[in-house]
Amino acid sequence: MKPEKVTEFYRRLRDLEPAPKTELKYINAYTLLVAVVLSAQATDVGVNKATGPLFKLVDTPEKMLKLGEKGLKDYIKTIGLFNAKAANVMALSKILVEQHGSQVPATREELEALPGVGRKTANVVLNVAFGQHTIAVDTHIFRVGNRTGLAPGKNPLEVEQKLEKVTPAEFKQHAHHWLILHGRYVCKARSPECWRCPVIDLCPFEPKTPPPEEQKKLKARAKAKAKADAKTPRATSVPKKPKKKK
Ligand code: SF4
């Protein structure tokens, strides 16, 4: 995508949501870190349901250690992979207390050294809690980057590095959230809602999804055709002549 188109792409997403926020509920950097660790392969809505009551009681690593792994599991058992996630949260809380003065570190290296924290989680925490211009590539951003031609790449790291390169400085702080929201609500995985997409004219993806009324008409037409085809008798095959015996 050409630089002027990239700028226009972000400008339109910004016009729709000038100050986007993460949909994960959190109280401070620690609860944000815990929420992001719990959100791997789970929805933000599902995580918020579990963490709402949990964070009322636990908002520091010390309180988490006091609650204990079994106690934590009782709060998060509705979230997928909760056993492994509970173990990671306990282990990272212990490290925060013992090595970081109970504070969440603000560097990628220190964050990625924590159990259950990968590059994506570190990027979210650095961006949301510390205002750094990181772009965490999740499944939505990966899809949008590739479909739109904004940052095509074979894996999340490639897409992230391309986004870093092409995203103008003025959009870097919120790029991550604009792209997630766009992927989650408009440029959906199965059927992108191109008919209401604010960047439709900038996006090379084809075929574009038509408006719902048109989709209905197309479906009805396809159904009628299938019905008509079913009624038309099939041509019978002509039997082959038997080979002459030599
Ligand atoms: S036009 Fe369609 S494919 Fe392209 S960004 Fe918009 S929703 Fe996604």
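Going by this note's numbering, the first residue of the sequence shown is number 36, and it counts up by one from there. Glycine included, C-beta positions come from ideal geometry on N, C-alpha and C. All of these numbers come straight from a predicted model, not from anything done at the bench.
- One Cα belongs to G188, the other to V221, and the distance between them is close to 21 Å.
- Annotation: the segment 89–157 contains the following complete segments of the alpha helix (DSSP H) (minimum length 4 residues), in chain order: 96–111, 117–134 and 143–147.
- Applying a distance threshold of 6 Å between residue Cβ atoms and the heavy atoms of the ligand SF4 selects R182, T183, V221, C222, P227, E228, C229, C232, V234, I235, C238, F240 and K243, given in chain order.
- Selection L214, K243 and W213 evaluated against S226 yields K243 as nearest (Cα-Cα).
- Straight through space, the alpha carbons of P246 and F177 are spaced by roughly 25 Å.
- Using a Cβ-Cβ distance cut-off of 8 Å, the segment 55–66 and the segment 106–118 are not in contact, since fewer than three pairs of beta carbons, one from each stretch, lie closer than that value.
- Each residue's CA atom was taken as its position, placing V152 and V163 some 15 Å apart.
- Remark: C-beta atoms of H217 and L67 do not approach each other more closely than 8 Å.
- The segment 55–81 is shown to contain whole alpha helix (DSSP H) runs of 4 or more residues at 64–73, in chain order.
- Taking C-beta separations shorter than 6 Å and ignoring five residues to either side along the sequence, the partners of V234 in its chain run F44 and R47, following chain order.
- Per DSSP, the unbroken alpha helix (DSSP H) holding F44 starts and ends at P38 to L51.
- Going by beta carbons, E104 and A85 fall outside the 8 Å limit.
- Taking C-beta atoms as the reference points, S128 and P96 count as a pair closer than 8 Å.
- When only Cα atoms are considered, E145 and Q134 end up about 10 Å apart.
- For K258, the three-state secondary structure derived from DSSP is helix.
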